[in-house]
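Input: a single structure, listed below in structure tokens.
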Amino acid sequence: MKTNFNLRTVNVTRYISPLREGGSLPALAEADDDFKYVLKFRGAGHGVKALIAELIGGEIARALGMKMPELVFANLDEAFGRTEADEEIQDLLQGSQGMNLALHFLSGAINFDPVVTVVDPVLASQIVWLDAYITNVDRTFRNTNMLIWHKELWLIDHGASLYFHHSWTNWEKHAQSPFALIKDHVLLPQATVLSETDSAFKQLLTPEVLEGIVNLIPEDWLQWEEVEDTAAELRNVYLQFLLTRLNHSEIFIKEAQNAREKLI
Numbered sequence: 011m012k013t014n015f016n017l018r019t020v021n022v023t024r025y026i027s028p029l030r031e032g033g034s035l036p037a038l039a040e041a042d043d044d045f046k047y048v049l050k051f052r053g054a055g056h057g058v059k060a061l062i063a064e065l066i067g068g069e070i071a072r073a074l075g076m077k078m079p080e081l082v083f084a085n086l087d088e089a090f091g092r093t094e095a096d097e098e099i100q101d102l103l104q105g106s107q108g109m110n111l112a113l114h115f116l117s118g119a120i121n122f123d124p125v126v127t128v129v130d131p132v133l134a135s136q137i138v139w140l141d142a143y144i145t146n147v148d149r150t151f152r153n154t155n156m157l158i159w160h161k162e163l164w165l166i167d168h169g170a171s172l173y174f175h176h177s178w179t180n181w182e183k184h185a186q187s188p189f190a191l192i193k194d195h196v197l198l199p200q201a202t203v204l205s206e207t208d209s210a211f212k213q214l215l216t217p218e219v220l221e222g223i224v225n226l227i228p229e230d231w232l233q234w235e236e237v238e239d240t241a242a243e244l245r246n247v248y249l250q251f252l253l254t255r256l257n258h259s260e261i262f263i264k265e266a267q268n269a270r271e272k273l274i
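Numbering (this note's numbering), first residue to last: 11 to 274.
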């Protein structure tokens with residue numbers, strides 16, 4: 011298990027098209043490494059907090075061995091977007107100068123359809139465990155946020171995770187919440203080995219791994235006007251939230267198991 015986490019940084023060179031299915035207007039873009047990316051903007055609705063959730067959720071998924079497109083830091087030059095005709099997009103680009111986050115674009119991938127594809131109980135349990143842990147509200151039948159690429163299941167879009175940070179009060183209580191919204195998870199019916207998954211994943215997510223992931227958060231994503239905490243203090247709250255939630259995982263595992271029993 012790696013503890014030395016690092017993300018590449020690319021410079022965005024071309025805005026290709028908006029991805030209108032995303033509430034925060036993500037875009038397909040090209041970078042100076044000649045790869046295409048799904049670009050998430052710091053100037054969008056939930057700002058840097060959505061990027062932090064995307065970063066932490068995605069890298070925890072990767073640390074647990076799940077398939078996640080590569081995440082990169084994506085730098086947006088101040089001159090970028092001045093020629094964009096759409097005013098809404100131009101405002102978004104101008105408000106997102108500096109460091110953003112992007113996922114490697116999986117060309118040819120198709121949206122996961124639970125009616126068409128049956129997911130193995132082990133993998134289903136792993137994904138349900140992940141989403142209960144990071145309090146991801148956005149992996150439902152309506153919006154699965156999973157792709158099939160080369161006949162394998164890939165996870166995308168964790169920006170709605172860690173929603174405690176939108177109020178930033180009483181994080182200790184949030185860390186020990188049962189996460190009742192797991193009842194809407196698209197893979198909950200197949201998640202038959204949650205207890206076994208819990209035991210395995212608690213071994214993988216060591217304090218060193220979680221600290222390495224949290225330390226990836228760029229300093230300027232932790233300059234929040236609404237709080238007096240320093241960047242280091244904010245970063246530490248994320249780490250303590252993740253550690254506390256892991257140490258009390260039986261709370262959200264029991265909630266998921268009870269919700270599953272009601273479904274079947």
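C-beta atoms are modelled at their ideal positions from N, C-alpha and C, and glycine is treated no differently. Nothing here was measured: the structure is a model prediction, and the numbers come from that model.
Item                                                                                                                : Value
Same chain only: Cβ atoms within 7 Å of residue 217, ignoring 5 sequence neighbours per side                        : 253
Cβ shell of residue 221 (< 7 Å), same chain only, five flanking positions each side left out                        : 249
Three-state secondary structure assigned by DSSP to residue 111                                                     : strand
Residue 62 at chain C interface by Cβ criterion, 8 Å                                                                : Looking at the structure shown, chain C is missing, and only one protein chain is on hand.
Close beta carbons around residue 12, own chain, < 6 Å, minus the five adjacent residues each side                  : With a pLDDT of 47 at residue 12, under the threshold of 50, the predicted position of this residue should be treated as unreliable, though the coordinate-derived value follows. Excluding sequence neighbours, residue 12 sits near nothing in its chain.
Close Cβ partners of residue 274 (< 8 Å) along its chain, the five nearest in sequence each way excluded            : 199
Alpha-carbon spacing of residue 129 relative to residue 173, whole angstroms                                        : 27 Å
Inter-residue CB distance, residue 61 and residue 113 (contact presumed, cutoff 8 Å)                                : Not really, about 11 Å apart at Cβ, beyond 8 Å.
Expected contact under 8 Å - CB spacing of residue 122 and residue 156 to nearest Å                                 : 4 Å
Cβ-Cβ separation, residue 208 to residue 139 (assumed contact under 8 Å), whole Å                                   : 6 Å
Of the listed residues 161, 64, 260, nearest to residue 119 (C-alpha basis)                                         : 161
Anticipated Cβ contact below 8 Å, residue 205 with residue 263, distance rounded                                    : 7 Å
Buried versus exposed, by CB contacts within 10 Å (16 or more), residue 50                                          : buried
Cβ shell of residue 27 (< 6 Å), same chain only, five flanking positions each side left out                         : 38
Backbone secondary structure at residue 151 - three-state DSSP                                                      : coil
Sequence-distant residues of the same chain with beta carbon closer than 6 Å to residue 115, five excluded per side : 46, 47, 48
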